[in-house]
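Asks:
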Ligand code: HEM
């Protein structure tokens with residue numbers, strides 16, 4: 005890809021399916037915000053909104069920017085992914101389903117998970133301490149989120165690698181692959197088959213008070229269909245997993261790039277929540293959310309037609325200079341919560357409290373056990389997906405800890 009935004013007569017070039025784009029999409033997004041903020045992505049046949057104001061309006065205006073039929077960017081997603089995920093619905097169907105899950109995702113309901121997350125983090129880091137080497141994603145961050153969500157949806161430890169593997173299959177994209185591939189659909193269908201069996205097993209114990217129990221009770225009461233129960237378990241396994249894994253990795257990476265800010269956190273761990281918010285703003289792990297437009301409309305001189313698919317580029321909006329001062333500067337002291345890394349409005353992330361809890365506990369443990377870690381850049385590897393943004397490998401070394 006040609007370097008964007010630097011030459012006169014700028015040619016804006018956004019390609020969320022180009023693997024090279026994923027390494028540093030920010031200059032491309034900046035050029036789009038400045039020169040073509042409502043961008044038509046020809047190969048995928050959808051629009052990309054890059055300004056904070058436009059993305060925020062789309063999140064708020066859920067009657068015009070709808071989620072039905074917009075579960076993924078790929079145009080064939082609806083027909084190939086048959087189970088309904090409630091993220092891909094609109095009020096009142098969406099409100100009905102969200103109401104079943106929301107009470108179980110509140111900070112108070114999640115508090116008992118903190119001890120589990122800390123214990124699991126320590127357990128995962130322990131074998132690496134005496135060697136002085138660890139891969140922050142492959143040895144740690146890829147496990148914690150799936151383990152935590154498994155506690156909510158009752159996936160036993162022996163099944164978790166498989167479930168995570170299918171979620172990985174669903175989101176993996178080959179270079180410039182703009183339609184779903186067999187591997188993606190197979191990942192989804194394997195998850196569906198697994199959760200069909202899972203719900204059948206759990207129907208034998210109808211009164212267990214967890215998320216599966218709540219959804220099965222809603223099914224019995226006629227407030228959720230069986231396909232919705234299975235679809236929403238698939239959604240929890242996908243949404244609760246990769247995004248949080250990648251957030252933890254992005255945080256470890258940015259704090260390695262900024263050792264003076266890492267030192268601040270070591271000296272004052274009370275600043276960690278602010279560092280999490282700044283990572284979410286500066287390098288969030290959810291890149292593009294999907295909508296369809298319910299009616300023809302004009303936006304910054306572009307004509308969007310009823311039914312068009314629109315990508316809301318939150319990682320671009322979160323660096324918009326019209327919203328944030330010095331947006332290209334990573335500063336954990338910023339304390340801004342105006343980012344939209346967890347979306348906004350009726351579909352705002354249901355797992356935000358859980359993601360923040362996991363990121364905080366994992367970072368507390370990393371900074372306590374290996375505050376001097378150094379990342380080995382030649383070993384960095386990225387995940388490739390138009391939505392999920394982050395690393396699959398972040399190898400690092402640090403001062404060995406005596407056994
Ligand atoms: C850093 C981690 C995470 C990020 C960046 C993230 C991001 C997002 C975003 C941007 C949305 C809005 C989607 C839209 O407007 O179309 C969303 C929705 C959602 N997220 Fe998350 N998420 C994260 C972690 C989690 C976790 C841990 C869970 C569950 C355990 C979760 C479950 C959900 C669900 C169920 C929705 C759909 C909500 C709805 O449609 O009402 N997320 N997430």
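Numbering (my numbering), first residue to last: 5 to 407.
Glycine included, every Cβ here is placed at the ideal spot set by N, Cα and C.
1. I need the DSSP call for residue 159, collapsed to helix, strand or coil.
2. Please classify residue 309 as buried or exposed, where buried requires at least 16 neighbouring CB atoms within 10 angstroms.
3. Going by DSSP in three states, residue 178 sits in which element: helix, strand or coil?
4. Ignore the nearest five residues each way along the sequence and tell me which others in residue 54's own chain have a CB closer than 6 Å to its CB.
5. Got a sec: does ligand 1 put a non-hydrogen atom nearer than 7 Å to the Cβ of residue 318?
6. For residue 84, which of helix, strand or coil comes out of DSSP?
7. By how many angstroms is the C-alpha of residue 351 removed from the C-alpha of residue 96?
8. Do residue 278 and residue 339 have their C-beta atoms closer together than 8 Å?
9. Put residue 185 into one of helix, strand or coil per three-state DSSP.
10. To which residues of the same chain is residue 151 closer than 7 Å at the C-beta, ignoring the five residues directly before and after it?
11. Closer than 7 Å to a non-hydrogen atom of ligand 3 - does that hold for the CB of residue 351?
12. Check this for me: beta carbons of residue 343 and residue 284, under 8 Å apart or not?
13. Reducing DSSP to helix, strand and coil, say where residue 137 ends up.
14. If you measure from the CB of residue 240, is any heavy atom of ligand 1 nearer than 7 Å?
15. Under 8 Å Cβ to Cβ from residue 306, same chain only, skipping five residues before and after it: list those, please.
16. Quick check on residue 170: buried or exposed, where buried means 16 or more other Cβ atoms within 10 Å of its Cβ?
17. So the candidates are 264, 154 and 275; which of them puts its Cα closest to the Cα of residue 215?
18. Whose C-beta lies closer than 7 Å to the C-beta of residue 100 among residues of the same chain, with five residues either side of it excluded?
19. What residues in its chain sit with their C-beta under 6 Å from that of residue 10, if we drop five residues either side in the sequence?
20. Residue ranges of each alpha helix (DSSP H) run of no fewer than 4 residues wholly in the stretch 225-309, ordered along the chain?
21. Where do the ends of the alpha helix (DSSP H) carrying residue 315 lie?
22. Let me confirm a value: residue 145 is counted as buried when at least 16 other C-beta atoms fall within 10 Å, else exposed. Which label applies?
23. The alpha helix (DSSP H) spanning residue 98 covers which residue range?
24. May I ask you to report which of helix, strand or coil DSSP gives residue 365?
25. Start and end of the alpha helix (DSSP H) containing residue 59?
26. From residue 17 to residue 366, what does the alpha carbon distance come to, in whole angstroms?
27. By Cβ distance below 7 Å, which residues in the same chain neighbour residue 325 in space, the five residues on each side in sequence not counted?
28. Decide if residue 48 is buried, meaning its Cβ has at least 16 other Cβ atoms within 10 Å, or exposed.
29. Compute the minimum distance between the beta carbon of residue 393 and the heavy atoms of ligand 1, and state whether it is under 7 Å.
30. Of all Cβ atoms in chain C, is any one closer than 8 Å to the Cβ of residue 206?
31. Could you spell out the range, first to last residue, of the beta strand (DSSP E) harbouring residue 401?
32. For the alpha helix (DSSP H) holding residue 30, just list the boundary residues, first then last.
33. Just to confirm, are residue 58 and residue 303 a CB contact at a threshold of 8 Å?
34. What span of residues does the beta strand (DSSP E) with residue 50 cover, start to end?
35. Which class does residue 21 belong to by DSSP, given the choice of helix, strand or coil?
Replies: Well, looking at it:
1. coil
2. The residue in question, residue 309, is exposed, as its Cβ has fewer than 16 Cβ neighbours within 10 Å.
3. coil
4. 33, 36, 37, 41, 317 and 320
5. yes
6. helix
7. Approximately 12 Å between the Cα atoms of the pair.
8. yes
9. coil
10. 124 and 164
11. By its list of ligands, the structure shown excludes ligand 3, since it contains just ligand 1.
12. yes
13. strand
14. Yes, the beta carbon of residue 240 sits closer than 7 Å to at least one heavy atom of ligand 1.
15. Only 42, 44 and 51 meet the Cβ criterion.
16. buried
17. 154
18. 227
19. Any reading at residue 10 must be qualified, since the residue scores a pLDDT of 45, below 50, and its modelled position is unreliable; no value is offered.
20. 230-243, 246-261, 263-271 and 276-287
21. Annotation: residue 315 is outside any alpha helix (DSSP H); the continuous beta strand (DSSP E) that includes it extends over 313-317.
22. buried
23. 97-105
24. For residue 365, the secondary structure class from DSSP, reduced to helix, strand or coil, is helix.
25. Its alpha helix (DSSP H) spans residues 56-64.
26. 36 Å
27. The residues are 331.
28. Buried, because 16 or more other Cβ atoms sit within 10 Å of the Cβ of residue 48.
29. no
30. Looking for chain C here will not work: only one protein chain is present.
31. 399-401
32. 30-39
33. yes
34. Here the beta strand (DSSP E) through residue 50 covers 50-53.
35. coil
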